[in-house]
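Notes for the one structure printed next.
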Amino acid sequence: MKTAAEALPLKRHVAAVVVGNALEFYDFLTYSFFAVYIGQAYFPSHDPTTSLLASLATFGAGFVTRPLGGIIIGTLGDRVGRKPAMFLSFTLMGMGMLGVVFTPSYATIGAAAPVLVVGFRLIQGFALGGEVGPTTAFLIEAPPAGMRGLYGALQSASQYAAAFAAGCVGTGLSAVLGPAALARWGWRAAFFLGALIIPFGLIVRRSLPETAGAPKAGDEPHVLRAHARLAVLAVLLMAGATIATYVIFYLSTYAEVTLHIAPAWSFGATLTIGLCGTLFAPLGGRLSDRFGRKPVMLTSTCVMIIITIPAFLLLNAVPAGPVLIALAAILTVVFAMGVGVSIMTISEALPARIRSGAMATLYAVSIAIFGGSAQFNVAWLAARLHAPMAPAYYLTVALVVALIAILLFPETAPVCTVAPRE
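Numbering follows our numbering, in which position 241 of the sequence shown is assigned residue number 845; successive positions increment by one, without gaps.
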């Protein structure tokens, strides 16, 4: 039992990881939220849909380098420590973010503009590929036994907090600036605010303790082969979680472009998604400490499968702002309670000596294959097939795949904070 004095440093260290992770994802998610304006700046076209698709393709380019970042930075977290790995990913993310902020538009420097933006997205993707492994490992290794679910779910909660912050900025800018100013320079201001992560991250992550034990070199291939089935199930589980995450975050763009709902309501949906996810992801983690990981994940996924298509049918039948907000809240509450548990469950199922690298790699591969293409695919299908329900069908199929993976995945609770036996 930890005393209050002992618990305080733990909370401070966890806050450093969570807030830093949230600020990193703020930048990555801001690109998604401002995709329409970025498309106009770097991919001018007479067809707004073409500009949007080009912008989303650039967003997806950031996922190409995620597996490489997962392998390099994640493995660094196992061999050198969680702390230096998190510090490196944070620094690289800041570099890529500043590059996007200061890249001139296509009208100013021509074809060099989209080339530079793609390059900076690749750097950001590399950084985020290595971020999830060491941060999730830290969040399940630092807390006492019986609290891993709650603390581990904070990794997902921090991403939703990033969405909330991005939504606040987007809503504020939309209220203050007109559409022309928002398209010309307002979206850059949103990215520039994210530049605050650089000094903040250098300060808070320098103070973190190390949770990884002494590395054991030379046995990683043996350990990975022994957990091949687990790795396959993890990729399938994260495929569903990844697609669901990005389709839900795509609601703001979907509402504005496909359903022609006012931008203010779209940003309001982003705020709703961020707030609900921040509150309910930890709740799901806490419930998993009490009832087990699989019951929470199964309940969340089954309910999502049931309500997704009816929710999109209602939104298309009544394309109004209040309906968008209500459905964004319902979908996020149900999904967030399961996704926070799923990411943490995969990480804690892995042996501690390969946890950071394996988790980062598996997560990055899933994100690269399924996450980077999710928003582009649903936008393309909706436009090409004139099927506004495409996101719902796409999401439902992904959730069914995730459900199968959950049923086959081992239960990891209750567990202690030591490494599982190989």
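Glycine included, C-beta positions come from ideal geometry on N, C-alpha and C.
What you are looking at is a predicted structure, and each value in this text was computed from that prediction instead of being measured.
**Report entry** Reduced DSSP secondary structure (H/G/I, E/B, other) of L928
**Finding:** Looking up residue 928 in the sequence shown gives position 324. L928 falls in the helix class under three-state DSSP.
**Report entry** Selected residue, minimal CA-CA separation from F667, among A749, A845, L887, A968
**Finding:** Counting from one through the sequence shown, the residue named residue 667 turns up at place 63. Checking every option, the nearest Cα to that of F667 belongs to A968.
Report task. Output the distance between the C-alpha atoms of A866 and A770, rounded to the nearest integer angstrom. Result -> Sequence index remark: in the sequence shown, residue 866 carries index 262 (1-based). Sequence index remark: in the sequence shown, residue 770 carries index 166 (1-based). Answer to the nearest angstrom: the Cα atoms are 17 Å apart.
**Report entry** Beta-carbon gap between I878 and A757 smaller than 8 Å
**Finding:** For the purposes of this step, residue 878 is identified with residue 274 of the sequence shown, where counting begins at 1. For the purposes of this step, residue 757 is identified with residue 153 of the sequence shown, where counting begins at 1. Checking the sequence, you will find Gly at residue 878 rather than Ile. Result no, Cβ atoms of G878 and A757 do not sit closer than 8 Å.
Query raised in the report: Between A885 and the rest of its own chain, which residues show a CB-CB distance below 8 Å, the 5 nearest in sequence each way excluded?
Result: Here residue 885 is taken as the residue at index 281 of the sequence shown, counted from 1. Answer for A885: A757, L758, S760, A761, Y764, A940, M941, V943, G944, listed in chain order.
Query raised in the report: At what residues does the alpha helix (DSSP H) containing I1010 begin and finish?
Result: As a position in the sequence shown, residue 1010 is number 406, starting the count at 1. Here the alpha helix (DSSP H) through I1010 covers 994-1012.
Query raised in the report: Under three-state DSSP, which class holds H831?
Result: Walking along the sequence shown from the start, residue 831 turns up at place 227. H831 falls in the coil class under three-state DSSP.
Query raised in the report: From E860 to W984, what does the alpha carbon distance come to, in whole angstroms?
Result: In the sequence shown, counting from the first residue as 1, residue 860 sits at position 256. In the sequence shown, counting from the first residue as 1, residue 984 sits at position 380. Their Cα atoms are separated by approximately 15 Å.
Query raised in the report: In chain order, what residues of the same chain have a beta carbon less than 7 Å from the beta carbon of M699, not counting five sequence neighbours either side?
Result: As a position in the sequence shown, residue 699 is number 95, starting the count at 1. Within the same chain, M699 has close Cβ partners I727.
Query raised in the report: What residue does the alpha helix (DSSP H) around W791 start on, and which one ends it?
Result: Indexing the sequence shown from 1 puts residue 791 at position 187. Counting along the chain, the alpha helix (DSSP H) containing W791 begins and ends at 791-798.
Query raised in the report: Helix, strand or coil: how does DSSP classify S693 here?
Result: Within the sequence shown, residue 693 is the residue found at index 89, counting from 1. Three-state DSSP puts S693 in a helix.
Report task. Just confirm the distance between the C-beta atoms of I913 and A996, as a whole number of angstroms; I'd bet it's less than 8 Å. Result -> In the sequence shown, counting from the first residue as 1, residue 913 sits at position 309. In the sequence shown, counting from the first residue as 1, residue 996 sits at position 392. Going by Cβ atoms, the distance from I913 to A996 rounds to 5 Å, so yes, they are a contact pair.
**Report entry** N-terminal and C-terminal residue of the alpha helix (DSSP H) that Y641 is part of
**Finding:** Here residue 641 refers to the residue found at position 37 of the sequence shown. It spans 639-646 - the alpha helix (DSSP H) in which Y641 sits, taken as one unbroken run.
Query raised in the report: With respect to the alpha helix (DSSP H) encompassing F884, which residues constitute its N-terminal and C-terminal limits?
Result: Position 280 of the sequence shown, counting from 1, holds the residue named residue 884. Counting along the chain, the alpha helix (DSSP H) containing F884 begins and ends at 867-895.
**Report entry** Stretch-stretch touch, CB-based, cutoff 8 Å, three pairs: the segment 948-960 with the segment 639-647
**Finding:** no
Query - Per-residue DSSP class, three states only, for A962 - result: Sequence index remark: in the sequence shown, residue 962 carries index 358 (1-based). Helix.
Query raised in the report: In three-state terms, what does DSSP make of A619?
Result: As a working mapping, residue 619 is identified with position 15 in the sequence shown. Looking at A619 - three-state DSSP - the assignment turns out to be helix.
Query raised in the report: A780 lies in the alpha helix (DSSP H); which residues open and close that run?
Result: As a working note, residue 780 is residue 176 in the sequence shown. The sequence as given places Val at residue 780; Ala does not occur at that position. 752-780 is the span of the alpha helix (DSSP H), which, as asked, contains V780.
Query raised in the report: By a C-beta neighbour count over all protein chains shown, 10 Å radius and 16 as the cutoff for buried, is S811 buried or exposed?
Result: Residue numbering aside, residue 811 sits at position 207 when the sequence shown is read from its first letter. Exposed is the call here.
Query raised in the report: When DSSP labels each residue in this structure, what does P738 get in the three-state scheme?
Result: Taking the sequence shown and counting its residues from 1, the one referred to as residue 738 is at position 134. Here P738 sits in helix by DSSP.
**Report entry** Among T846, L841, V836, the one whose alpha carbon lies nearest that of M901
**Finding:** In the sequence shown, counting from the first residue as 1, residue 901 sits at position 297. Among T846, L841, V836, the Cα nearest to that of M901 is on L841.
Query raised in the report: Roughly how many whole angstroms lie between the Cα atoms of A749 and G703?
Result: Within the sequence shown, residue 749 is the residue found at index 145, counting from 1. Within the sequence shown, residue 703 is the residue found at index 99, counting from 1. Rounded to whole angstroms, A749 to G703 spans 42 Å at the Cα level.
Query raised in the report: Where does T862 sit, in a helix, a strand or coil, going by DSSP?
Result: Numbered from its first residue, the sequence shown carries residue 862 at position 258. Three-state DSSP puts T862 in coil, outside helix and strand.
**Report entry** Residue range of the alpha helix (DSSP H) that includes Y854
**Finding:** On the sequence shown, position 250 is the one that residue 854 refers to. Here Y854 belongs to no alpha helix (DSSP H), and DSSP marks it neither H nor E.
Query - Euclidean distance between Cα positions of R686 and R988 - result: Sequence index remark: in the sequence shown, residue 686 carries index 82 (1-based). Sequence index remark: in the sequence shown, residue 988 carries index 384 (1-based). Going by the C-alpha atoms only, they are around 45 Å apart.
Query - Residue nearest to G733 in terms of C-alpha spacing, selected from A645, G774, C772, A665 - result: In the sequence shown, residue 733 corresponds to position 129, counting from 1. Per the Cα distances, A665.
Query raised in the report: Between the segment 915-924 and the segment 794-805, do three or more beta carbon pairs fall short of 8 Å?
Result: no
Report task. Compare the Cα-Cα distances from L999 to each of M948, I911, L614, E745 and report the closest residue. Result -> Your numbering for residue 999 matches position 395 in the sequence shown. Considering only alpha carbons, the answer is I911.
Query - Span of the alpha helix (DSSP H), counted from its first residue to its last, around G678 - result: Working through the sequence shown from its first residue, we reach residue 678 at position 74. That run of the alpha helix (DSSP H) goes 670-683.
Query - Through-space distance from L680 to L696, alpha-carbon basis - result: Residue numbering aside, residue 696 sits at position 92 when the sequence shown is read from its first letter. Residue numbering aside, residue 680 sits at position 76 when the sequence shown is read from its first letter. Using only the alpha carbons, I get a separation of about 15 Å.
Query raised in the report: Are any of the Cβ atoms in chain D nearer than 8 Å to that of L918?
Result: Chain labels in this structure do not include chain D; a single protein chain is all it has.
Report task. Answer yes or no: do T707 and L692 have a C-beta to C-beta separation smaller than 8 Å? Result -> In the sequence shown, the residue the question calls residue 707 occupies position 103. In the sequence shown, the residue the question calls residue 692 occupies position 88. No; because the gap between Cβ atoms is not below 8 Å, this pair is not in contact.
Query raised in the report: For V938, which three-state DSSP category applies?
Result: Start at 1 with the first residue of the sequence shown, and residue 938 comes out as number 334. Three-state result, V938: helix.
Query raised in the report: Where does E1015 sit, in a helix, a strand or coil, going by DSSP?
Result: Position 411 of the sequence shown, counting from 1, holds the residue named residue 1015. The answer is coil: DSSP assigns E1015 none of H, G, I, E or B.
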